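S.K.: Once you've had a glance at the structure underneath, I'll fire off some questions.
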Amino acid sequence: MDGENQPQNRKVLDVAPVCLTPDHILGLIESVYSVGGKIDSEELNNLIDVDMDLLTHAIDVAEALGLVVFDRGDITVTELGAKVAVAPPKEARKIVRDKLAALEPFTTLINEVKMRGGRMSVSMVRKVLAGFYGEENVDSALNCLRQWWRYFELFSRRGGYIELSKSSQT
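This note's numbering numbers the first residue of the sequence shown as 1 and each following residue consecutively.
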């Protein structure tokens with residue numbers, strides 16, 4: 001599947017120049033929740049001393065996952081985000097994993113793997129990622145996305161293939 005056929009209305013996970021990781025998203029949620037569930041983004045930036053560009057990308061992804069709302073500079077944790085903030089790690093992972101279908105390239109990869117009987121060659125994964133990130137960024141995208149796959153138990157790798165993890169099929 002090439003990038004021209006990708007849904008344009010879904011948020012695409014940023015992988016460059018800095019890999020946005022699950023820790024960035026979960027850290028954002030926990031930080032905002034810990035100060036009462038709402039905070040101005042500049043104030044949060046001063047509190048946690050993170051690169052504002054990285055924070056902006058983390059907010060975008062957290063919003064695409066339904067974990068926060070960003071309005072006029074304020075970050076507000078949603079009801080779902082609050083559940084993630086207080087949930088034990090295993091439960092928080094499941095909640096977010098269930099929302100990853102709203103985020104590309106996960107949507108496309110999950111659908112492609114399902115269409116191929118539950119597994120897909122790594123070379124085909126690379127082609128899908130090239131459609132989102134360009135051929136020159138496939139290696140960095142793959143390295144970044146592996147963190148998401150492992151943390152959220154979305155895919156597992158078997159030889160030259162990725163498979164849907166059992167936990168992502170429930």
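Note that the Cβ used here is the ideal one computed from N, Cα and C, for glycine as well.
Since the structure is predicted, the reported quantities are computational estimates derived from the model, not experimental observations.
1) Locate the alpha helix (DSSP H) running through residue 78, then write down its first and last residues.
2) Quick check on this structure: which residue in 146, 121, 135 has the alpha carbon closest to the alpha carbon of residue 154?
3) Among residues of its own chain, excluding the 5 on either side of residue 74, which ones have a beta-carbon nearer than 8 Å to its beta-carbon?
4) Decide yes or no for the touch test of the segment 149–165 against the segment 114–125: beta carbon pairs closer than 8 Å, at least 3 of them.
5) Under the three-state reduction of DSSP, which class applies to residue 121: helix, strand or coil?
6) With 16 as the cutoff for other CB atoms within 10 Å, does residue 14 come out buried or exposed?
7) Identify, in the order they occur along the chain, each residue of the same chain with its Cβ nearer than 8 Å to the Cβ of residue 33, setting aside the five sequence neighbours on each side.
8) Classify residue 47: buried if its beta carbon has 16 or more other beta carbons within 10 angstroms, exposed otherwise.
9) To the nearest angstrom, how far is the alpha carbon of residue 105 from that of residue 131?
10) Count the other C-beta atoms from every protein chain shown that fall within 10 angstroms of the C-beta of residue 56, then say buried if there are 16 or more, exposed otherwise.
M.R.: Per the coordinate set shown:
1) That residue, residue 78, is in no alpha helix (DSSP H); it is neither H nor E in DSSP.
2) 146
3) 38, 39, 40, 41
4) yes
5) strand
6) Taking all protein chains shown into account, residue 14 has 16 or more neighbouring C-beta atoms within 10 Å of its C-beta and is therefore buried.
7) Close CB contacts of residue 33 within its chain, under the 8 Å cut and outside five residues either way in sequence, are with 77, 81, 82, 85, 86 (chain order).
8) Flag for residue 47 reads exposed.
9) 9 Å
10) Residue 56 should be labelled exposed.
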